[in-house]
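Please read the structure below before turning to the comments.
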Ligand code: R5P
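In this note's numbering, the protein residues as written are 26 to 319.
Here it is in structure tokens:
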């Protein structure tokens, strides 16, 4: 059976339809102090597939997920597969400044210790995070379906486009989509102040991009700062149109408006987070992973 966490009802429903298995919706009440109460019927020794994405309010969505896993374990579920389309805390995957806690390690331990058998996630920020999990965790890529969407929805002239990564950390991702779309890539040089969080981008590109269209690709958009900075530099180099692709559109602090005001034609993301940019459905690829591993 597929159990929908409160954060991922629609996606869970699509997955249950694809798998042709029972769909269970969790009944949620949030109290005045912010605590969640969740009610789900007995899962009675079944294989439970829980779907809960960890977008904001992140900590609330985490505790809800832990509660559901705990309940399945209490009901003696035969197996607990947890689908976490957007894995929170994956950006704190090392101690960048002395004394910082590796948040993804804490989250990994919590999810495992509640009784999870295996995890499926999508485009985790850095694959290094996977090493903190001691149970099976499958990290699937949304790049092929993002590329497919682009081909089928002619927002821009793909042949006259260049793939742009807003930072060097995204090189592998940019290369992957560039291969699928047969385009050249440009990786911007972004630096982020570890204390203030402010980003700056090197303006010297060493490449002529005038008159081309840019397909900016990132794993996630949070405040939009990285994309806006990238757009400023691309515009200085007389790029024509810009569209943005990402797996996780978290969109905080008016990120959507900021990005559109920076001259972007369209933001396309998966439905790991349900919002205005969620145009690419993860249900088919997530269902396939479940089928192929069970
Ligand atoms: C950073 O390495 C990530 O890949 C994203 O570029 C970043 O997290 C986006 O954050 P923001 O939208 O706040 O710039």
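Every residue, glycine too, gets a C-beta built ideally from N, C-alpha and C. Note that the structure is predicted; figures quoted are calculated from it, not measured.
Looking only at C-alpha atoms, which of 36, 110, 196, 246 sits nearest to residue 280? The option with the nearest alpha carbon to residue 280 is 246.
In the DSSP assignment, what residue or residues form a beta bridge with residue 64? According to DSSP, residue 64 bridges with 52.
Looking at the structure shown, is residue 26 part of a helix, part of a strand, or coil, going by DSSP? Correct three-state label for residue 26: coil.
Might you give, ordered along the chain, the residues of its own chain that have their beta carbon closer than 6 Å to the beta carbon of residue 287, omitting 5 neighbours on each side? Excluding its 5 nearest sequence neighbours in each direction, residue 287 has C-beta neighbours in its own chain below 6 Å: 253, 256, listed in chain order.
Cα-Cα separation between residue 147 and residue 165, rounded to whole angstroms: When rounded, the separation of the alpha-carbon atoms in residue 147 and residue 165 is 5 Å.
Same chain, Cβ closer than 7 Å to residue 226, neighbours up to 5 away in sequence not counted: Cβ neighbours of residue 226 beyond the five flanking positions: 213, 214, 215, 254, 255, 258.
Closest by C-alpha distance to residue 171, when choosing among 307, 229, 31, 27: Distances from the alpha-carbon of residue 171 to those of 307, 229, 31, 27 put 307 closest.
Reducing DSSP to helix, strand and coil, say where residue 91 ends up. Shown here, residue 91 sits in a helix according to DSSP, grouped into three states.
Taking contact to mean at least 3 C-beta pairs separated by less than 8 Å, is the segment 65-78 in contact with the segment 107-121? Judged by Cβ distances under 8 Å, the segment 65-78 makes contact with the segment 107-121, as three or more pairs qualify.
Would the segment 134-146 and the segment 84-95 be scored as touching if the rule is three or more Cβ pairs under 8 Å? At 8 Å Cβ cutoff, the stretches touch.
Close Cβ partners of residue 49 (< 8 Å) along its chain, the five nearest in sequence each way excluded: Once the five neighbours on either side are set aside, the close Cβ partners of residue 49 are 26, 27, 28, 29, 65, 66, 68.
Closer than 7 Å to a non-hydrogen atom of the ligand R5P - does that hold for the CB of residue 225? No, the ligand R5P has no heavy atom inside 7 Å of this Cβ.
Between residue 202 and residue 242, which are expected to be in contact by the criterion C-beta below 8 Å, what is the C-beta distance as a whole number of angstroms? Sure, about 6 Å apart at Cβ, within 8 Å.
State yes or no: is the C-beta of residue 303 within less than 8 Å of the C-beta of residue 267? The answer is no: Cβ separation not under 8 Å.
Secondary structure at residue 35, three-state DSSP: helix, strand or coil? Of the three classes helix, strand and coil, the one that applies to residue 35 here is helix, per DSSP.
Examine the ligand R5P and report whether any of its heavy atoms sits within less than 7 Å of the Cβ of residue 95. Annotation for residue 95 indicates a beta carbon at 7 Å or more from all heavy atoms of the ligand R5P.
Report the three-state DSSP secondary structure of residue 251 (helix, strand or coil). If DSSP states are grouped into helix, strand and coil, residue 251 belongs with the helices.
Just to confirm, does residue 245 get its C-beta within under 7 Å of one of the non-hydrogen atoms of the ligand R5P? Residue 245: yes, Cβ under 7 Å from the ligand R5P.
Who are the Cβ neighbours of residue 94 in its own chain at under 8 Å, not counting the five residues just before and after it? Excluding positions up to five away in sequence, the list reads 75, 105, 107, 136, 139, 140, 141.
How would you label residue 145, buried or exposed, when you count the other beta carbons within 10 angstroms and need 16 or more for buried? Classification for residue 145: buried.
Residue 196 - DSSP class collapsed to helix/strand/coil: In this structure, residue 196 counts as helix in the three-state DSSP scheme.
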